[in-house]
Amino acid sequence: MACQNFYRINFDKSAKVKNIRNKLIEIIEEKYSGNKAYKDLVKKSAFCSERDEIVNDSYVLNKDKMISIIPPIGGG
Amino acid sequence: MFHAAIIDPKKTKKIISLLRAEKFIKDFDAGASIFFVGNIRKNNNNKNVTGVTYDAFDRLVIKTFKKIYTEGIKKFKLKKAKVFIEHAKGYVPLGKPSIIIAVSCKHRSEAYQLSRYLIEQIKMRAPIWKKEYYKNQKSEWLKGTAIKI
Chain H
1 MACQNFYRIN FDKSAKVKNI RNKLIEIIEE KYSGNKAYKD LVKKSAFCSE
51 RDEIVNDSYV LNKDKMISII PPIGGG
Chain U
1001 MFHAAIIDPK KTKKIISLLR AEKFIKDFDA GASIFFVGNI RKNNNNKNVT
1051 GVTYDAFDRL VIKTFKKIYT EGIKKFKLKK AKVFIEHAKG YVPLGKPSII
1101 IAVSCKHRSE AYQLSRYLIE QIKMRAPIWK KEYYKNQKSE WLKGTAIKI
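Right, dumping it as structure tokens:
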């Protein structure tokens, strides 16, 4: 997104994937005028745990846990 | 027996290969062999395609291929089947293969079923992305679809 390489998002306690997704959408609303393509990208992305497993929106992230974002796919 | 790999010619010094696939699935107990080859086609969304660059989350792709294979074996109640899957990574020019799925089974019906199941599930679940290059020198990452959990 633009020229910034990362965003730092702080949560009070542990966060669910759903919270991260919503926070990213909030950032897009604020900083990118609610760009629809960016929002669709976040909505359609999956999240992947450190164990290389796709996790759903209720997956909880505790301190130091890592997670990666899988954008919409198109292989084959 | 199962083989899966992501082949990046820059790293592996080899390209995906039908010969390797044929060798792997060869089995005198199998009466049917199916080879599915996905190629780079000339036209997509009314644009003249000259090539595609693939990117992949390799570890998760291999894990997903294995999972889909296991599901397929169970779904079609196959006691014996050999499956070979290789997907290209990096630039693939027009007409060249991006994926090879080779299957050998005892009978043709199950070989067709398993082969079809594998490619359809891969399209929906494997974290692979593609950027198309066009004749007008432009290029774009395709929007793709949400991964199926």
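Chains as they are written, first to last, in the numbering used here: chain H, 1 to 76; chain U, 1001 to 1149. Glycine included, C-beta positions come from ideal geometry on N, C-alpha and C. The model shown is predicted, which means the values in this text are computed figures rather than measured ones.
8 Å contact criterion, which residue i and residue j should meet: CB distance rounded
i	j	result
residue 1057(U)	residue 1110(U)	Not really, about 30 Å apart at Cβ, beyond 8 Å.
residue 1084(U)	residue 1025(U)	5 Å
residue 1001(U)	residue 1082(U)	5 Å
residue 1088(U)	residue 1147(U)	About 19 Å; that fails the 8 Å criterion.
residue 21(H)	residue 55(H)	With a Cβ gap of about 12 Å, residue 21(H) and residue 55(H) do not count as contacting.
residue 1144(U)	residue 74(H)	4 Å
Where the beta strand (DSSP E) containing residue i begins and where it ends
i	result
residue 1097(U)	1097-1105
residue 1093(U)	1090-1093
residue 46(H)	46-49
residue 1032(U)	1032-1039
residue 1139(U)	1139-1141
residue 1132(U)	1128-1134
For residue i, the first and last residue of its enclosing alpha helix (DSSP H)
i	result
residue 1022(U)	1018-1025
residue 1072(U)	1058-1075
residue 981(U)	This structure does not reach residue 981(U), given that chain U is present from 1001 up to 1149, and the question cannot be answered.
residue 67(H)	Note, residue 67(H): premise wrong, no alpha helix (DSSP H); beta strand (DSSP E) at 67-70.
residue 1109(U)	1108-1125
Neighbour flag for residue i against chain A, beta carbons, 8 Å
i	result
residue 44(H)	Looking at the structure shown, chain A is missing, and the protein chains on hand are H and U.
Checklist entry - Name the residues in the segment 50-67 of chain H whose C-beta lies less than 7 Å from a C-beta of chain U; which are they? => result Cβ contacts with chain U: 52, 54, 56.
Checklist entry - Between the segment 1128-1146 of chain U and chain H, which residues of the former have a C-beta closer than 9 Å to a C-beta of the latter? => result Hits within the stretch, in order: 1128, 1129, 1130, 1141, 1142, 1143, 1144, 1145, 1146.
Next on the checklist: Residues of the segment 1015-1041 of chain U in Cβ contact with chain H at a cutoff of 9 Å, in chain order, please.
Outcome noted: 1038: these are the residues of the segment 1015-1041 of chain U whose beta carbon lies less than 9 Å from some beta carbon of chain H, given in chain order.
Item to check | Segment contact flag, the segment 53-61 of chain H with the segment 15-27 of chain H, C-beta cutoff 8 Å, min 3 pairs | outcome: They touch, by the three-pair rule.
Item to check | Residues of the segment 1087-1099 of chain U whose Cβ lies closer than 9 Å to any Cβ of chain H, in chain order | outcome: Taking 9 Å as the Cβ-Cβ cut-off, the segment 1087-1099 of chain U approaches chain H at 1087, 1098, 1099, given in chain order.
Next on the checklist: Under 8 Å, CB to CB, which of the residues in the segment 15-38 of chain H have a partner in chain U?
Outcome noted: Those residues of the segment 15-38 of chain H that come within reach of chain U (Cβ to Cβ, closer than 8 Å) do not exist; the list is empty.
Checklist entry - Does the segment 1128-1145 of chain U come within contact of the segment 1100-1109 of chain U, defined as at least 3 CB pairs closer than 8 Å? => result Result no; under three Cβ-Cβ pairs closer than 8 Å.
Next on the checklist: Check whether the segment 1114-1121 of chain U and the segment 1046-1054 of chain U are in contact - that is, three or more C-beta pairs closer than 8 Å.
Outcome noted: A contact is defined here as three or more CB-CB pairs under 8 Å, and the segment 1114-1121 of chain U fails this definition with respect to the segment 1046-1054 of chain U.
Checklist entry - Touch check for the segment 1084-1104 of chain U and the segment 1020-1039 of chain U: three-plus C-beta pairs under 8 Å? => result Segments in contact, yes.
Checklist entry - Counting Cβ pairs, one atom from each stretch, are 3 or more of them under 8 Å apart for the segment 63-74 of chain H and the segment 45-53 of chain H? => result The segment 63-74 of chain H is in contact with the segment 45-53 of chain H.
Next on the checklist: If we require 4 or more residues per run, which alpha helix (DSSP H) segments fall completely within the segment 7-43 of chain H?
Outcome noted: DSSP assignment within the segment 7-43 of chain H yields the following whole alpha helix (DSSP H) runs of 4 residues or more, N-terminal first: 17-31.
Checklist entry - At a Cβ cut of 9 Å, what residues of the segment 1106-1117 of chain U count as close to chain H, listed as they run along the chain? => result Listed by position, the residues of the segment 1106-1117 of chain U near chain H (Cβ gap below 9 Å) amount to none.
Checklist entry - Looking at chain H, which residues of the segment 1066-1083 of chain U have a Cβ within less than 7 Å of any of its Cβ atoms? => result Within the segment 1066-1083 of chain U, no residue has a Cβ that lies closer than 7 Å to any Cβ of chain H.
Next on the checklist: Closer than 8 Å between beta carbons: that is the criterion. Which residues of the segment 1046-1058 of chain U meet it against chain H?
Outcome noted: Within the segment 1046-1058 of chain U, the qualifying residues are 1054, 1056, 1057.
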